[in-house]
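Asker: Below are the structure tokens for one structure; questions will follow.
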Ligand SMILES: [Zn+2]
């Protein structure tokens, strides 16, 4: 068992940080035995990169949806509307994947 720093974000996302202490079972310098234990948990004040990306994409998506609504009222923008709706679809898929990865990470056990 080797000890590592542990970073934890407010949203529940976490990752391993610096290697801290080698366990007596591991004799190779600089190597770790593969079983990671928490040496110290550092709480990050904000949300993780994934959450930041998700909210950026969500903002872009809702802006596009507003545009589509407006263009629908204005008429004569069918090609633009279709193109934007496709982009919204792509964003939705990306957001879905990011959220799924985030959920998996949150629930993953630490080693
Ligand atoms: Zn997060």
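Residue numbers (the numbering used here): 73 to 183.
Quick reminder that beta carbons are idealized off the backbone N, C-alpha and C, glycines included.
Output yes or no for whether 7 Å exceeds the beta carbon distance between residue 125 and residue 140.
Answerer: Cβ distance not < 7 Å, so residue 125 and residue 140 don't count as in contact.
Asker: Would you identify the three-state DSSP class for residue 34, choosing helix, strand or coil?
Answerer: The chain is shown from 73 up to 183; residue 34 falls before or after that span and cannot be answered.
Asker: Is any non-hydrogen atom of ligand 1 found closer than 6 Å to the C-beta of residue 83, if you look at the structure I gave you?
Answerer: For ligand 1, at least one heavy atom lies less than 6 Å from the Cβ of residue 83.
Asker: Assuming residue 74 and residue 104 form a contact by the criterion Cβ under 8 Å, report the distance between their Cβ atoms to the nearest whole angstrom.
Answerer: Yes, they are in contact, since the Cβ atoms of residue 74 and residue 104 sit about 4 Å apart, within 8 Å.
Asker: Bridge partners of residue 79, per DSSP?
Answerer: BP columns for residue 79 point to 87 and 114.
Asker: Mark residue 88 as exposed unless 16 or more other C-beta atoms lie within 10 angstroms of its C-beta, in which case mark it buried.
Answerer: The residue in question, residue 88, is exposed, as its Cβ has fewer than 16 Cβ neighbours within 10 Å.
Asker: Can you tell me whether DSSP reads residue 183 as helix, strand or coil?
Answerer: Residue confidence is low: residue 183 scores 45 on pLDDT, short of 50, so the model does not pin down where it sits. No coordinate-derived value is stated.
Asker: What residues are listed by DSSP as bridge partners for residue 93?
Answerer: Its beta-bridge partners are 75.
Asker: If you measure from the CB of residue 171, is any heavy atom of ligand 3 nearer than 6 Å?
Answerer: Ligand 3 is not among the ligands present in this structure, which contains only ligand 1.
Asker: Kindly give me the distance between the Cβ atoms of residue 118 and residue 86, rounded to whole angstroms, as I take these residues to be in contact under 8 Å.
Answerer: 14 Å between Cβ atoms; not a contact.
Asker: Is the beta carbon of residue 133 sitting closer than 7 Å to the one on residue 163?
Answerer: For residue 133 and residue 163, yes; Cβs fall inside 7 Å.
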